[in-house]
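Quick note, in my numbering, the sequence shown goes up one by one and the last residue is 406.
Think of the CB as a built atom: it goes at the ideal place given N, C-alpha and C, for glycine as much as any other residue.
Structure first, commentary second.
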Amino acid sequence: MSLLPVPRLLLTLSLIALAGWGAPSIAQESTSSSSHPGMSADSLVAAHARLQEVLARYQRLADGGGWPTIPDGPLVEPGDTLAAQVEPLRQRLAATGELGSAADTGAVYDDALAGALARFQGRHGLVVDSLLGGNTRAALNRSASERVRQIEQALARWAELPVFPTGPGSRYVLVNVPEFRVRAFEEGREALQMKVVVGADYDERATPLFHDEMEHVVFRPYWNIPPSIATEEVVPKGTAELEAEGYEIISHYAADAEVYPMTAQNLQRVANGSLRIRQGPGPDNALGLVKYIFPNQHAVYLHDTPSDHLFAEAERAFSHGCIRLERPADFGAWVLGPQGWDTARVQGAMTTGDRQKVVLNETIPVYIIYLPVWADADGHVYFAADVYDEIG
């Protein structure tokens, strides 16, 4: 197992992202799964220079007094006339470029201003609805000095950057936690991307940041429930509900483990730690119908989920630490493509037959990183949801 320090991982994605990652917002994807523009790891020098230019621009704004503060007030919708809200909003969006050449004066919340606010929301991990409400107002009112500090943090670890594989035949996976998105790369260029759900920001559920090698895929997996989750969340359901949901009490974590009757006495032994519990394969399994394994000390992996509705959320930090995939069959087709698998074959293995383990002919590096700030090729800055409060 190969672990990389967190600062190194942060800079890893910073460089790659800045090299051409012009992403629409996280929030925009709550109703659409369309791909972000492709990105490449080739122009790292240009990427570094671009972020430095962004920093200089924001520093000039800060030195000049920053931008207007939007006062507290009611929800503002397109068509409203509220001078106390709308006029400073125009000046605020003009300062950072979202408003473009539209007029920066006027009390009517017109279409041009609504479009500018939507662009701002899209670049700040907010729900894109063109409504000036509390969350959007708070993001608008973050000072220029605060934004400068956040950009500086992305640049401060530049020298820590590890080298990503970009040569012939190279493949790897990147999960950017605060963006709630995974990307797959071939020879340094993006081949696939999709939404993910990551670990919650409480009770030590945060998805850890590390690097390891994907070794195999398991179709129709068991969910071997960690003792802490079993005691706190599973055992309290009681025997009848657990049996109905396909849980089994077992001697240890193994496919051929001895299965014990689902009784109150045995469930208490699970709570005491002398027995274990798992959920059997099937569509209701918490891991869904497939998991992608890169063995690591955190017991974290990529997997399917029956809770598809969570992909409609703008901020998707709901898991116990593992990473749930929006389109697991498409991901599997990419992972197993060199071994002759396509999406239909992956889908078939997910939905029919017994548990199946497929070992990869060649391992695939997986990087789980945390990049809440980046800039695209046009110099637009993106401040994603800082879900783990890494940059403040």
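Under a three-way DSSP split, which group does residue 96 fall into? The sequence position of residue 96 within the sequence shown is 82, counting from 1. In this structure, residue 96 counts as coil in the three-state DSSP scheme.
With H, G and I counted as helix, E and B as strand and the rest as coil, what does DSSP make of residue 377? Residue mapping note: residue 377 aligns to position 363 of the sequence shown, counting from 1. The answer is strand: DSSP assigns residue 377 an E or B state.
Could you pull out every unbroken alpha helix (DSSP H) segment of at least 4 residues lying fully inside the region 251-275, listed in chain order? 253-258
Tell me which residues share the same chain as residue 4 and place their Cβ nearer than 7 angstroms to its Cβ, disregarding the 5 neighbours each side in the sequence. Absent from the structure is residue 4, since the part of the chain shown begins at 15 and ends at 406.
With 16 as the cutoff for other CB atoms within 10 Å, does residue 112 come out buried or exposed? Position 98 of the sequence shown, counting from 1, holds the residue named residue 112. Flag for residue 112 reads buried.
Identity of the residues DSSP links to residue 213 by a beta bridge: For the purposes of this step, residue 213 is identified with residue 199 of the sequence shown, where counting begins at 1. DSSP output for residue 213 lists 333 as bridge partner(s).
Beta-carbon separation (whole angstroms), residue 284 vs residue 249, contact threshold 8 angstroms: Within the sequence shown, the letter at position 270 stands for residue 284. Within the sequence shown, the letter at position 235 stands for residue 249. Yes, they are in contact, since the Cβ atoms of residue 284 and residue 249 sit about 6 angstroms apart, within 8 angstroms.
Sort out for me which residues DSSP pairs residue 226 with in a bridge. For the purposes of this step, residue 226 is taken as the residue at position 212 of the sequence shown. Bridge partners of residue 226: 380.
On a CA-only basis, which of 322, 294, 384 is nearest residue 221? Give me that one, please. Numbered from its first residue, the sequence shown carries residue 221 at position 207. Taking only the C-alpha atoms, the option nearest residue 221 is 384.
Which residues does DSSP pair with residue 291 in a beta bridge? Along the sequence shown, read from residue 1 onward, the residue named residue 291 stands at position 277. Answer is 263.
Do you know how far the Cα of residue 97 is from the Cα of residue 205? Looking up residue 205 in the sequence shown gives position 191. Looking up residue 97 in the sequence shown gives position 83. C-alpha separation (whole angstroms): 47 angstroms.
Which of helix, strand or coil does DSSP assign to residue 345? Taking the sequence shown and counting its residues from 1, the one referred to as residue 345 is at position 331. Three-state result, residue 345: helix.
Between the region 144-160 and the region 123-131, do three or more beta carbon pairs fall short of 8 angstroms? yes
Among 254, 255, 246, 292, the one whose alpha carbon lies nearest that of residue 265: Translated into positions along the sequence shown, residue 265 becomes position 251. Comparing Cα-Cα distances from residue 265 to each of 254, 255, 246, 292, the minimum goes to 292.
How many angstroms separate the CA atom of residue 247 from the CA atom of residue 188? Position 233 of the sequence shown holds residue 247. Position 174 of the sequence shown holds residue 188. The straight-line gap from Cα to Cα measures roughly 30 angstroms.
Within 8 angstroms, do at least three Cβ pairs link the region 232-245 to the region 363-380? yes
If you count every other CB in all the chains shown that lies within 10 Å of the CB of residue 209, and 16 or more means buried, which is it? Reading the sequence shown from its first residue, position 195 is the one you call residue 209. Buried, because 16 or more other Cβ atoms sit within 10 Å of the Cβ of residue 209.
Could you tell me which uninterrupted alpha helix (DSSP H) segments, each at least 4 residues in length, are contained entirely in the region 99-137, listed from first to last along the chain? 125-136
Name the two residues that bound the continuous beta strand (DSSP E) containing residue 190. Locating residue 190 in the sequence shown gives position 176, counting from the first residue. First-last of the beta strand (DSSP E) with residue 190: 185-190.
Which partner residues does residue 9 have in the DSSP bridge list? For the chain, the structure presents residues 15 to 406; residue 9 sits outside this window and is missing.
Along the chain, where does the alpha helix (DSSP H) containing residue 196 start, and where does it finish? The residue you call residue 196 lines up with position 182 of the sequence shown. Here residue 196 belongs to no alpha helix (DSSP H); instead the beta strand (DSSP E) covers 195-200.
Beta carbon of residue 331, beta carbon of residue 401: below 8 angstroms? Taking the first residue of the sequence shown as 1, we reach residue 331 at position 317. Taking the first residue of the sequence shown as 1, we reach residue 401 at position 387. Taking 8 angstroms as the Cβ cut-off, residue 331 and residue 401 qualify as a contacting pair.
With DSSP as the reference, please indicate the residues paired to residue 208 in a beta bridge. Residue numbering aside, residue 208 sits at position 194 when the sequence shown is read from its first letter. 196.
Going by C-alpha to C-alpha distance, which of 215, 253, 213, 304 sits closest to residue 320? What you label residue 320 is simply residue 306 of the sequence shown in a count that begins at 1. The shortest C-alpha separation from residue 320 is found at 304.
Do residue 393 and residue 67 have their C-beta atoms closer together than 8 angstroms? Walking along the sequence shown from the start, residue 393 turns up at place 379. Walking along the sequence shown from the start, residue 67 turns up at place 53. A contact, by the Cβ cut-off of 8 angstroms.
For my contact list, residue 8 and residue 192 are in at a C-beta cut-off of 8 angstroms; report their separation, rounded to the angstrom. Because the chain in this structure spans residues 15 to 406, residue 8 falls outside the shown range and cannot be described.
Tell me whether the beta-carbon of residue 290 lies closer than 8 angstroms to the beta-carbon of residue 306. Your numbering for residue 290 matches position 276 in the sequence shown. Your numbering for residue 306 matches position 292 in the sequence shown. The answer is no: Cβ separation not under 8 angstroms.
Would you report the Cα separation of residue 346 and residue 356, rounded to the nearest angstrom? Locating residue 346 in the sequence shown gives position 332, where the first residue counts as 1. Locating residue 356 in the sequence shown gives position 342, where the first residue counts as 1. Roughly 8 angstroms between the two C-alpha positions.
Measure the alpha-carbon distance for residue 326 versus residue 212 and round it to whole angstroms. For this step, residue 326 is matched to residue 312 along the sequence shown. For this step, residue 212 is matched to residue 198 along the sequence shown. Going by the C-alpha atoms only, they are around 14 angstroms apart.
Reduced DSSP secondary structure (H/G/I, E/B, other) of residue 145: Locating residue 145 in the sequence shown gives position 131, where the first residue counts as 1. Of the three classes helix, strand and coil, the one that applies to residue 145 here is coil, per DSSP.
Pairwise C-alpha distance: residue 186 and residue 348: In the sequence shown, residue 348 corresponds to position 334, counting from 1. In the sequence shown, residue 186 corresponds to position 172, counting from 1. About 11 angstroms.
Give the range of the alpha helix (DSSP H) segment to which residue 162 is assigned. Stepping through the sequence shown from its first residue, residue 162 is reached at position 148. Counting along the chain, the alpha helix (DSSP H) containing residue 162 begins and ends at 158-170.
Using the beta-carbon count (16 or more within 10 Å), is residue 100 buried or exposed? Here residue 100 refers to the residue found at position 86 when the sequence shown is read from its first residue. Counting Cβ neighbours within 10 Å, residue 100 comes out buried, since at least 16 surround it.
Can you tell me whether residue 177 is helix, strand or coil according to DSSP? Reading the sequence shown from its first residue, position 163 is the one you call residue 177. Residue 177: coil per DSSP, three-state reduction.
Shorter than 8 angstroms from the beta carbon of residue 227 to some beta carbon of chain E? Reference to chain E is not applicable here, since this structure consists of a single protein chain.
Look up residue 279 in the DSSP assignment and say whether it is helix, strand or coil. By one-based count along the sequence shown, residue 279 stands at place 265. Residue 279: helix per DSSP, three-state reduction.
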